[in-house]
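Trainee: Right, I'll just put the structure down here and ask away after.
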Ligand code: NAP
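Numbering (the numbering used here), first residue to last: 30 to 565.
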């Protein structure tokens with residue numbers, strides 16, 4: 030192994046987080062910083078997830094960086110929710126505008142990183158066999174970037190084509206005239222079904238868990254609305270940083286049972302008409318009071334039954350086993366409507382699980398077979414910990430991250446792991462990340478990390494490391510924040526790691542809200558980085 034270069038700082042990943050982290054380290058702190066990115070371009074999630082219908086569920090004008098007023102003023106989104114191609118154009122634009130590309134090594138996959146205590150350096154190894162040494166190592170690998178393909182017997186012998194939505198071919202997939210089977214009905218599957226249904230000869234949707242979904246009500250943004258966003262940019266950003274989820278709309282302060290049944294219905298209808306994640310903001314107790322949540326759930330189930338013509342299909346789609354929004358609530362464009370098409374059928378694989386992939390298609394446990402040309406795995410990700418653990422990261426005394434996290438991830442603020450000095454995990458487990466509009470969470474992390482590094486350097490120190498006590502205490506706070514909500518009631522969600530066989534069941538994101546988390550991180554910094562050991 031050859032050490033090819035030395036850097037002050039290395040960032041792993043060139044998505045939303047890596048790009049801004051690079052800008053903070055290189056242009057604000059003046060460090061010699063480099064990003065290592067396994068893809069051939071910037072974009073992270075938006076580079077890989079090119080599946081049909083891929084679109085963000087945050088409102089476009091809030092799904093962007095806020096650090097540059099000029100960038101905010103100049104970039105114009107075309108639709109209410111940005112599609113994958115438009116977000117990728119935005120991130121390409123950011124990379125060019127801030128001259129970031131010259132500090133990014135593309136097609137460079139990190140496979141391992143080891144801390145050398147004597148030198149106080151991280152040695153980062155790439156799949157190409159190179160090694161780069163750095164003082165500061167920041168992972169910006171995303172929360173949903175490690176594709177989860179179920180281990181189905183026979184897949185390797187499938188005669189047709191198969192794809193995971195998170196590793197979609199850049200050239201696209203031609204579905205015309207094809208018999209397509211899609212496994213998975215999460216946010217991804219719910220977006221892809223209507224688009225694939227329009228293109229394919231026939232689409233079979235294999236549903237294991239029925240899911241809530243809210244109509245997105247996507248539409249082009251009007252010139253008047255674009256102007257409104259520009260004129261009120263400051264107020265919009267202020268609202269975004271004050272809300273628990275980082276979105277640009279407030280949550281109704283009323284509780285579900287503060288109003289009578291007719292008023293409740295009117296408010297739900299209003300939220301339904303506004304669409305998207307704004308429905309969840311219809312009342313403020315939907316995620317903390319089961320009875321309140323039941324009202325929202327029953328409203329949505331009625332809507333599903335009203336849309337889907339075939340009663341048996343409608344019943345299956347509305348047979349939802351978890352509280353509304355306890356799993357990430359998908360938003361859709363004509364998902365339930367797609368089941369009224371002649372070329373779409375729904376198959377219940379909870380009652381009759383998929384037993385195997387055969388050369389000609391899929392076989393269920395009952396022996397029922399489905400002939401398929403293409404299988405689409407919309408089966409999600411080994412979330413949050415997966416992208417970190419697929420690298421062999423070793424801290425003090427060779428401690429492997431996978432061993433440190435054998436019982437589930439433990440971090441301090443989702444930012445650091447005890448025993449791994451100078452390693453920062455952007456939007457790591459234990460931070461709000463996926464429960465927040467991601468760019469808001471990302472900017473806070475990048476700025477906090479840059480300030481922390483600047484603080485350490487300004488004092489002539491060389492290391493910062495979360496203490497075991499602080500990490501344990503934070504772990505208790507993360508668990509308590511989740512327990513105060515209905516989120517853990519979705520016992521099979523990826524928030525809990527339940528979608529990956531053998532993964533420890535730990536509620537991973539911090540559910541106490543982005544605004545509270547931001548305040549807490551600021552207090553920690555103001556107290557001289559309380560809970561972190563700063564070393565010479
Ligand atoms: P997901 O929410 O984990 O959904 C995976 C789906 O695949 C579930 O329906 C799951 O069923 C099913 N599945 C997995 N293994 C299976 C098997 N062996 N047999 C049958 N079904 C199987 O993954 P995702 O839809 O990719 O979404 C992940 C996250 O990405 C979202 O929650 C969201 O945070 C983000 N996302 C966001 C957007 C957006 O912004 N609009 C779009 C896409 C994704 P079970 O539920 O029974 O496990």
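Glycine residues also receive a C-beta, built at the ideal position from the N, C-alpha and C atoms.
Model, not experiment: these values are computed from the prediction.
Measuring CB atoms only, is the segment 443-456 touching the segment 146-153, in the sense that at least three cross pairs come out at less than 8 Å?
Mentor: yes
Trainee: Starting from the Cα of residue 22, find the closest Cα among 381, 306, 380 and give me that residue.
Mentor: The first residue shown for the chain is 30 and the last is 565, placing residue 22 beyond what the model contains.
Trainee: Rounded to whole angstroms, how far is the Cβ of residue 156 from the Cβ of residue 138, which I believe are closer than 8 Å?
Mentor: By a beta-carbon distance limit of 8 Å, residue 156 contacts residue 138. Their separation comes to about 4 Å.
Trainee: Taking the alpha-carbon positions, what's the residue 54 to residue 558 distance?
Mentor: 19 Å
Trainee: Within a Cβ cutoff of 7 Å, which residues of the same chain sit near residue 274, ignoring the five residues on either side of it in sequence?
Mentor: 464, 465, 466, 543
Trainee: In the DSSP assignment, what are the bridge partners of residue 134?
Mentor: According to DSSP, residue 134 bridges with 65.
Trainee: Count the other C-beta atoms from every protein chain shown that fall within 10 angstroms of the C-beta of residue 210, then say buried if there are 16 or more, exposed otherwise.
Mentor: Per the 10 Å Cβ criterion, buried.
Trainee: Is there at least one non-hydrogen atom of ligand 1 closer than 6 Å to the beta-carbon of residue 378?
Mentor: Proximity of the beta carbon of residue 378 to ligand 1 is indicated: a heavy atom of the ligand is located closer than 6 Å.
Trainee: Residue 33 to residue 163, Cα distance in whole Å?
Mentor: Distance from the CA atom of residue 33 to the CA atom of residue 163, rounded to whole angstroms, is 11 Å.
Trainee: Would you mind stating whether residue 386 and residue 187 have Cβ atoms separated by less than 7 Å?
Mentor: yes
Trainee: Measure the C-alpha to C-alpha separation of residue 525 and residue 518 and round it to an integer number of angstroms.
Mentor: 10 Å
Trainee: Go ahead and label residue 352 buried or exposed: buried means 16 or more other beta carbons lie within 10 angstroms of its beta carbon, across all protein chains shown.
Mentor: buried
Trainee: Buried or exposed for residue 445, going by 16 or more other Cβ atoms inside 10 Å?
Mentor: buried
Trainee: Kindly identify the DSSP beta-bridge partner or partners of residue 231.
Mentor: 208
Trainee: For residue 151, does the three-state DSSP call read helix, strand or coil?
Mentor: strand
Trainee: Looking at the unbroken alpha helix (DSSP H) that takes in residue 364, where does it start and where does it end?
Mentor: 364-367
Trainee: In three-state terms, what does DSSP make of residue 257?
Mentor: helix
Trainee: Would you identify the three-state DSSP class for residue 315, choosing helix, strand or coil?
Mentor: coil
Trainee: Report back the beta-carbon spacing between residue 383 and residue 393 to the nearest angstrom; my notes put them in contact at under 8 Å.
Mentor: At roughly 6 Å, the Cβ-Cβ gap stays under 8 Å, so residue 383 and residue 393 are in contact.
Trainee: Can you tell me which of 474, 173, 254, 346 puts its alpha carbon nearest to the alpha carbon of residue 219?
Mentor: Just measuring C-alpha positions, the residue of 474, 173, 254, 346 sitting nearest residue 219 is 346.
Trainee: Would you tell me roughly how many angstroms separate the C-alpha atoms of residue 96 and residue 287, rounded to the nearest one?
Mentor: 39 Å
Trainee: Do you know offhand how far residue 248's Cα is from residue 118's?
Mentor: 19 Å
Trainee: Below 8 Å on the Cβ atoms is my guess for residue 85 versus residue 116; work out the distance and round it to an integer in Å.
Mentor: 6 Å
Trainee: Consult DSSP for residue 31 and reduce its assignment to one of helix, strand or coil.
Mentor: strand
Trainee: For residue 533, list the residues DSSP reports as bridge partners.
Mentor: Paired residue(s): none; residue 533 is not in a bridge.
Trainee: Three-state secondary structure (DSSP) at residue 482?
Mentor: helix
Trainee: Give me the Cα-Cα distance between residue 471 and residue 430, rounded to the nearest whole angstrom.
Mentor: 22 Å
Trainee: Mind checking residue 304: buried by the 16 CB within 10 Å criterion, or exposed?
Mentor: buried
Trainee: Give a yes or no on contact between the segment 415-425 and the segment 174-181, applying the rule of three or more CB pairs nearer than 8 Å.
Mentor: yes
Trainee: With DSSP as the reference, label residue 236 as helix, strand or coil.
Mentor: Strand, per DSSP.
Trainee: Counting only the same chain and skipping the five closest in sequence on each side, list residues whose C-beta sits under 6 Å from that of residue 522.
Mentor: Cβ neighbours of residue 522 beyond the five flanking positions: 356.
Trainee: If distances are taken between C-alpha atoms only, which option among 276, 242, 169 comes closest to residue 87?
Mentor: 276
Trainee: If I'm right that residue 77 touches residue 120 with Cβ under 8 Å, what's the distance once you round it to whole angstroms?
Mentor: Contact doesn't hold; Cβ gap of about 13 Å is too wide.
Trainee: Thinking C-beta only, is residue 377 closer than 7 Å to residue 395?
Mentor: no
Trainee: With DSSP collapsed to three states, give me the class of residue 119.
Mentor: helix
Trainee: Below 7 Å between beta carbons: does that hold for residue 20 and residue 499?
Mentor: There is no way to answer for residue 20, as the model of the chain reaches only from 30 to 565.
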